[in-house]
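Numbering (our numbering), first residue to last: 7 to 387.
Virtual Cβ for every residue (Gly too), placed ideally from N, Cα, C.
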């Protein structure tokens, strides 16, 4: 009897040792899986760090390129500013020259108006030659008439038969000397008038020549002013285009500078994060919180998978319990027909109930809701 008890106890210990060994094996496998996952995560972290280094190097290269481009853009902006200043100087010089031309044109107009006024004044003061010729012809006719009258009077005077042939005139007849003096005065006056007429003709010709020259200068000045106005308009349009382009370049440069500063800050932040990852890995911690969260998430997902696998196995086991011989299934709940003894001296082997199986009442149906619950009466002793 003692040998049987000893054998059963040894079997129980052996079974417990086997179950403990299986648990330890399972734990070892789990630890191996966790070590593999940690190695995988470590490799992923190293790959991430390598990628971060590559990104950092790329960011540094981009920063250097952006710096070179920034210097080039600054040089271009300086060149544009120099061109802009040169064009402003050219525009100022053009405006000054245009103002000078306008002043010259105004002066020439004033001079032309003065010359025109002098011409008109000369024309007003100039005697009318045609009237003088007509007057001369009239005087010649009157002279011929007077000569004819004088001949008739001489004939009448020579006729002694006519008593009224003589009519004495009042006054004094000038002598030949006085007549010569009067003739000389008249000739001098006529010469003066002819000289004045010649002077006025010369002044008229000179003023006409000057007015023609002034008109030519005014026409040439108009053409030059039109050409200068066109050039000024072209320069102004070009300046507006260059200013617009410069403003667009300045805005693009500001955007590029902002992008470069942002990338520089990102590279510094990534470099600091990388150093912190190295420090935390040396301390035996996760590289960063994100990776720790991912690790916890992966652990939770593994636990959920194990729970789901266990639930699935339990469901499959329960489904196997509902299977009957022949491959058919049943929805009836299985009733236990054996039990495992709780005595430590016996082996944990299922034993059939036999005729003393426990009673398992059926679940109450839906009609039980119409039946009142019994009122429990107190027990009187």
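Check each candidate in the options and name the one with the smallest Cα separation from residue i.
i, options, result
"residue 280", "27, 42, 52", "52"
"residue 70", "254, 136, 273, 249", "273"
"residue 235", "278, 366, 327, 105", "105"
"residue 398", "179, 187, 221", "Limits of the chain in this structure are 7 at one end and 387 at the other, which puts residue 398 out of reach."
"residue 363", "342, 31, 88, 208", "342"
"residue 247", "359, 90, 204, 324", "90"
"residue 276", "184, 58, 315", "58"
"residue 287", "38, 49, 144, 19", "49"
"residue 256", "80, 383, 237, 42", "80"
"residue 126", "206, 357, 365, 55", "206"
"residue 269", "190, 191, 62", "62"
"residue 285", "55, 336, 26, 19", "55"
"residue 111", "223, 197, 208", "223"
"residue 47", "300, 38, 324", "300"
"residue 328", "319, 320, 338", "338"
Buried or exposed: where does residue i fall if 16 or more other Cβ atoms within 10 Å of its Cβ makes it buried?
i, result
"residue 368", "exposed"
"residue 346", "exposed"
"residue 283", "buried"
"residue 370", "exposed"
"residue 293", "buried"
"residue 355", "exposed"
"residue 92", "exposed"
"residue 326", "exposed"
"residue 7", "Legend: pLDDT at residue 7 = 49, less than 50; position of this residue unreliable, value from coordinates given subsequently. Exposed, since its Cβ has fewer than 16 Cβ neighbours within 10 Å."
"residue 297", "buried"
How is residue i classed by DSSP in three states: helix, strand or coil?
i, result
"residue 87", "helix"
"residue 7", "Low confidence applies here, because residue 7 scores a pLDDT of 49, under 50, leaving its location unreliable; read the following figure in that light. Coil, per DSSP."
"residue 4", "As displayed, the chain neither begins before 7 nor continues past 387, which places residue 4 out of reach and without an answer."
"residue 336", "coil"
"residue 292", "coil"
"residue 357", "strand"
"residue 344", "strand"
"residue 318", "helix"
"residue 157", "helix"
"residue 117", "helix"
"residue 390", "Since the first residue shown for the chain is 7 and the last is 387, residue 390 is missing from the structure and cannot be characterised."
"residue 279", "helix"
"residue 182", "helix"
"residue 60", "helix"
"residue 176", "coil"
"residue 106", "helix"
"residue 100", "helix"
"residue 382", "coil"
"residue 73", "helix"
"residue 298", "helix"
"residue 377", "coil"
"residue 53", "helix"
"residue 192", "helix"
"residue 303", "helix"
"residue 308", "helix"
Check whether the Cβ of residue i sits closer than 7 Å to any heavy atom of the ligand ADP, and report yes or no.
i, result
"residue 146", "The ligand ADP is not among the ligands present in this structure, which contains no ligands whatsoever."
Closer than 8 Å is the cut-off here; do at least three beta carbon pairs connect the stretch 144 to 156 with the stretch 255 to 270? no
Between the stretch 210 to 220 and the stretch 115 to 126, can you find at least three pairs of beta-carbon atoms closer than 8 Å? Look at the beta carbons and you see the stretch 115 to 126 touching the stretch 210 to 220: at least three pairs across the two are nearer than 8 Å.
Does the stretch 61 to 76 touch the stretch 300 to 311, meaning 3 or more C-beta pairs lie closer than 8 Å? no
Counting only runs that start and end within the stretch 194 to 268, where is the alpha helix (DSSP H) found for 4 or more residues in a row? none
Are there three or more Cβ pairs, one per stretch, closer than 8 Å when the stretch 94 to 103 is compared with the stretch 239 to 247? yes
Segment contact flag, the stretch 247 to 261 with the stretch 72 to 91, C-beta cutoff 8 Å, min 3 pairs: yes
Unbroken stretches of the beta strand (DSSP E), 3 residues or longer, contained in the stretch 12 to 47: none
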